[in-house]
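Numbering (this note's numbering), first residue to last: 100 to 710. Just so it is clear, CB atoms sit at the ideal spot from N, CA and C, and this is done for glycine as well.
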Ligand code: AGP
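Laid out in structure tokens, this is it:
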């Protein structure tokens, strides 16, 4: 995810662009840049690192202009450095573009453009857009942009500035947000209203497939067929703090709601029309992957829970013997690692010290390392032999949500890919898995939008935020879901909680059960459903308070539960992605009722870079 801005009007554009980018830094902050037009000259300034680096450069060596574009980056293709920072130019240097999204077919397009004689300056997917506009530039900028975008597969929100058109900036979107700020004698474009909120509260939302041309006193929207579009203005009533979170009260809630798009972005370019094509950031040959005989996952916290689910997937789908270590334990058990071992560190930040130390230990012992990271160019990513990036975008809230479901998505992709590669999966089974995987964003959206789930979570938050303890029970692939639910609750509401394999109940935890103990029972349809149903009865018999997660249309569970979160029918292997949303919302509402700091819980950091 990146942040993009554009301005045309009566003010000096540079301070307006910088202020806008500052408010969008939550969308990405590994590099930033602006382009401005003044007196027929298009000037560019880009810097690696946080926006403050660009800001300092512009203070010491200012640029001027009454129109301009800007970008703050969350790298998806190409390392986070100055060369890859946006805006990107065409060969002539007359056309500059900033982009938020993923050009899935950029490899093909880049090859074609190079064959036509274009020279590229960066490793990014975005740069192909600038050169495509150049190809079609015959004087009519809208026409050139429209024809260029027709060749793009993927998602985008772009803002374009052309040296020969000093009276306008253009914006277009498909799958990424772009909104127009309507001022008096000035117009704004941005990924989020927050960027121009202090100048105007009058906005126009663009829909996918629309191009907008902004002049100082005129706005024209048309669709990709060139047909004019009329759009009514909206008035934003947010206060600034609310605006930072896109209208949500907390980043965590915003990121829970972003999970379908995060999964869609993680699948983009890898699973298209139910066909799988995995390309890794750095080469790890398929012949080498075929020789792998064992997988070792290591990670921390929520990423460790994802790894535990990864083990189920790899053994079930790819028939690959797998084991899972907590990173802070791995190197101290003096692990036996052979050359045919694949080590898979999972880390949202890519900077967790214990996971980095385990990566180095595994490499030293001869393992190949394929990491699953959310931050391009992070230390763990750079030290791995190859990386399968999640595209969750920056996760601001300390309690991890969209990164977790994106990690699971990457693990589903990888398990099917390896299963196929190793001949452990037939074409029919592969198709079935991929069909289900492709449906996950839609099904997750259904769960997140489900008013009943939200009401039950709110109700339980009110009723049980004074409980001293919680117990979470799950079986099979949802045993790690129980651990994740317990962790979310602990780190958000400071209530003690434990996750257990439900079969373990009789070996101790059943002694805890009484009328004061809420027990979350994860019981979607599965091969262990009957056993889970018996466990629920055992809790009931001891007067435990039962909060169940069950499959829609299952009447039995409701009979023995005090509260039920119903999720849509889904096969067991994919259920963790849907199951976790009620658990995230339960933890969120318990924290709200307990008056805890949802986005920055006490004592916690977003990335634990010390051992
Ligand atoms: C999860 O909600 C926590 N924020 C924490 O457990 C986190 O998952 C863990 O610190 C691992 O971080 P990483 O994914 O960046 O390595």
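1) Could you pull the DSSP bridge partners for residue 322 from this structure?
2) Could you check what DSSP says for residue 215 in three-state terms: helix, strand or coil?
3) Note down the Cα distance separating residue 562 from residue 685, rounded to an integer number of angstroms.
4) Sort out for me which residues DSSP pairs residue 600 with in a bridge.
5) Excluding sequence positions up to five away, which residues of its chain have a Cβ less than 7 angstroms from the Cβ of residue 121?
6) Where in the region 606 to 671 do unbroken runs of the alpha helix (DSSP H), each at least 4 residues long, occur, reported from the N-terminal end onward?
7) Which same chain residues, not among the five before or five after residue 362, have their C-beta less than 7 angstroms away from its C-beta?
8) Mapping the DSSP letters down to three states, classify residue 119 as helix, strand or coil.
9) Would you say the beta carbon of residue 72 is closer than 7 angstroms to some non-hydrogen atom of the ligand AGP?
10) Quick one: any contact between the region 684 to 702 and the region 550 to 567, if contact means 3 or more CB pairs under 8 angstroms?
11) Can you tell which of 650, 601 and 566 has the C-alpha that lies nearest to the C-alpha of residue 578?
12) List, from N- to C-terminal side, the beta strand (DSSP E) runs of 3 residues or more that fit wholly inside the region 100 to 165.
13) Are the region 261 to 276 and the region 192 to 199 touching by the rule of at least three beta carbon pairs closer than 8 angstroms?
14) Please classify residue 350: does DSSP put it in a helix, a strand, or coil?
15) From 456, 437, 473 and 447, pick the residue whose C-alpha is nearest to that of residue 467; which is it?
16) Count the other CB atoms within 10 Å of the CB of residue 128; is the residue buried (16 or more) or exposed (fewer)?
17) For the alpha helix (DSSP H) containing residue 272, list its first residue and its last residue.
18) Counting pairs of Cβ atoms below 8 angstroms between the region 182 to 192 and the region 217 to 228, do you hit three or more?
19) Exposed or buried, which one is residue 633 when buried takes at least 16 other CB atoms within 10 Å?
20) Check the DSSP bridge columns for residue 711 and list the partner residues they point to.
21) Can you list, in chain order, the residues of its chain whose CB lies under 8 angstroms from that of residue 315, leaving out five sequence neighbours each side?
22) Beta carbon of residue 489: closer than 7 angstroms to some heavy atom of the ligand AGP?
23) Do the region 615 to 625 and the region 567 to 581 touch if we need at least three Cβ pairs shorter than 8 angstroms?
24) Does the ligand AGP have even one heavy atom less than 7 angstroms from the beta-carbon of residue 274?
25) According to DSSP, is residue 220 part of a helix, a strand, or is it coil?
26) Mark residue 449 as exposed unless 16 or more other C-beta atoms lie within 10 angstroms of its C-beta, in which case mark it buried.
27) Would you say the beta carbon of residue 590 is closer than 7 angstroms to some non-hydrogen atom of the ligand AGP?
28) Can residue 270 and residue 299 be called in contact, C-beta distance under 8 angstroms?
29) Mind checking whether residue 253 and residue 325 have CB atoms under 8 angstroms apart?
30) Counting along the chain, where does the beta strand (DSSP E) carrying residue 254 start and finish?
31) Which residue's Cα is closest to the Cα of residue 719: 624, 576 and 461?
32) Where do the N-terminal and C-terminal ends of the beta strand (DSSP E) with residue 395 fall, by residue?
33) Classify residue 440 as helix, strand or coil using the three-state DSSP reduction.
34) Using 10 angstroms around the beta-carbon of residue 233, count the other beta-carbons present and answer buried if the total reaches 16, otherwise exposed.
35) Give a single yes or no on whether residue 418 has its beta carbon closer than 7 angstroms to a heavy atom of the ligand AGP.
36) Is it true that the CB of residue 370 sits closer than 8 angstroms to the CB of residue 516?
Result, derived from the coordinates:
1) Answer by DSSP bridge pairing, in chain order: 309.
2) Judged by DSSP in its simplified three-state form, residue 215 adopts coil rather than helix or strand.
3) Per the coordinates, the alpha-carbon of residue 562 lies some 11 angstroms from the alpha-carbon of residue 685.
4) Residue pairing from DSSP places residue 600 in a beta bridge opposite 573.
5) Cβ within range, chain order: 150.
6) Entirely contained in the region 606 to 671, the alpha helix (DSSP H) runs reaching 4 residues are, in chain order, 628 to 640 and 654 to 658.
7) Hits under 7 angstroms: 504, 505, 508, 539, 540 and 543.
8) Looking at residue 119 - three-state DSSP - the assignment turns out to be helix.
9) The chain is shown only over 100 to 710; residue 72 falls outside these bounds and no answer can be derived.
10) Touching, per the Cβ criterion.
11) When each option's Cα is compared against that of residue 578, the closest is 601.
12) Complete beta strand (DSSP E) runs here, min 3: 102 to 107, 130 to 137 and 140 to 147.
13) In short, these stretches touch, since the Cβ pair count reaches three.
14) DSSP places residue 350 in helix when its eight states are reduced to three.
15) Residue 437 is the option with its Cα nearest to residue 467.
16) Flag for residue 128 reads buried.
17) Note, residue 272: premise wrong, no alpha helix (DSSP H); beta strand (DSSP E) at 268 to 273.
18) Taking 8 angstroms as the limit for Cβ pairs, the verdict is that the region 217 to 228 does touch the region 182 to 192.
19) Around the CB of residue 633, fewer than 16 other CB atoms lie within 10 Å, so the residue is classed as exposed.
20) Only positions 100 to 710 of the chain appear in the structure, and residue 711 is not among them; the question remains open.
21) Contacts found: 107, 108, 109, 266, 284, 285 and 286.
22) In this structure, the ligand AGP has no non-hydrogen atom nearer than 7 angstroms to the beta-carbon of residue 489.
23) Yes, since at least three Cβ pairs between the region 615 to 625 and the region 567 to 581 fall closer than 8 angstroms, the two stretches touch.
24) For the ligand AGP, not one heavy atom lies less than 7 angstroms from the Cβ of residue 274.
25) Looking at residue 220 - three-state DSSP - the assignment turns out to be coil, as it is neither helix nor strand.
26) By the 10 Å Cβ count, residue 449 comes out buried.
27) Yes; taking the cut-off as 7 angstroms, the Cβ of residue 590 has a heavy atom of the ligand AGP nearer than that.
28) No.
29) At least 8 angstroms separates the beta-carbon of residue 253 from that of residue 325.
30) In this chain, the beta strand (DSSP E) harbouring residue 254 covers 253 to 261.
31) Because the chain in this structure spans residues 100 to 710, residue 719 falls outside the shown range and cannot be described.
32) Note, residue 395: beta strand (DSSP E), 393 to 398.
33) Secondary structure at residue 440: strand, using DSSP grouped into helix, strand and coil.
34) Buried is the label assigned to residue 233, since at least 16 other Cβ atoms lie within 10 Å of its Cβ.
35) With a threshold of 7 angstroms, the Cβ atom of residue 418 does not count as near the ligand AGP, since no heavy atom of the ligand is closer than that.
36) Going by beta carbons, residue 516 and residue 370 fall outside the 8 angstroms limit.
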